[in-house]
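Written below as structure tokens is the structure these notes are about.
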Amino acid sequence: MSEFFLNTRFFKRLPSSGSDIQSQLNTLKEIVKKIVVIDPIFSTWYINNPTGKNPPLDYPFPSEKADNFLITLREKDPFQSFSLWNGEDNSNFGSINFDTFDFRMSFEKIIPYEKIVEILKVLLEHIQFKYMYISNNFFAEINVYPHRLVTSSICYISKTIDIDSIPHLYKKIEIDNDLNKGNILVFDENWADESDEMKRKIQENSLALVELGVIPEAELPEDFFEQ
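Mapped onto numbering that gives the first Met the number 0, the consecutive letters of the sequence shown carry residue numbers 0 to 226.
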């Protein structure tokens, strides 16, 4: 079974002062609180490998014990990630990683596109994103532009486009809030299909989206690290 990754790109690296660490932890708690109802695989979370001696299930998230562990971890090393695991090792596996560079999720279950859209909406309510996309080996292998981030069958772009701007569009969802303004694009209802037809749709849409300037370069820009 393929593992899927929800990858993101921030506009800027997040700050890492003491108050920023607490704010980012609060953001993660709000996100988790909202996604637990989207699908059963997101209903329970634990700190991922908190120590070499204690199993992850000793640190449920959110909890005071987990909060203290994550804050101390980030205070010691601002490059450390808030890493969560849902306690499953099979097809119900799920994980979250949130650091100052990006927000990532991974899962193996093929969930309906509507649920992925709901997850993206939750994230877009709490964090500012330049780009968001679902990836796996298939999407990576058919990427038209290796120097740009992957174009996938479900993605968020930080720009509002017309429905006829790309050749294949199943659904466009408008996002307009205090943090983000853009579109969630769904190319096909069967977003995880790995057929030649899906390859064609993604590659033709990728050409159009790159032309529109909404697929970022794979390499981080120099101003990404400016505070």
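Positions of the beta carbon are idealized from the N, C-alpha and C atoms, including for glycine.
These numbers were taken from a predicted model, which means no experiment stands behind them.
Taking all protein chains shown into account, Gln226 has fewer than 16 neighbouring C-beta atoms within 10 Å of its C-beta and is therefore exposed. Excluding residues up to 5 positions away in sequence, His125 lie with their Cβ nearer than 6 Å to the Cβ of Thr26 in the same chain.
Classified as buried, Ala191 has 16 or more neighbouring CB atoms from the shown chains inside 10 Å of its CB.
The beta carbon of Glu193 is closer than 7 Å to those of Phe137 in its chain, skipping five residues each way along the sequence. Three or more beta-carbon pairs separated by less than 8 Å are not found between the segment 164-176 and the segment 73-88, which leaves the two stretches without contact. If you check the CB distance, Phe102 and Leu119 do not come in under 8 Å. DSSP places Ile156 inside the beta strand (DSSP E), whose first and last residues are 153-156.
Within the DSSP bridge table, the entry for Ser82 names Asn96 as partners.
Beta-bridge pairing by DSSP links Thr7 to Met131. DSSP, reduced to helix, strand and coil, places Phe60 within a strand of the structure shown.
Counting C-beta pairs closer than 8 Å gives three or more between the segment 105-112 and the segment 1-8, which meets the contact rule. Taking 8 Å as the cut-off, the beta carbon of Thr159 is found closer than this to the beta carbon of Gly181. Nearest to Gly17 by alpha-carbon distance, out of Ile109, Glu74, Ile133, Ser82, is Glu74.
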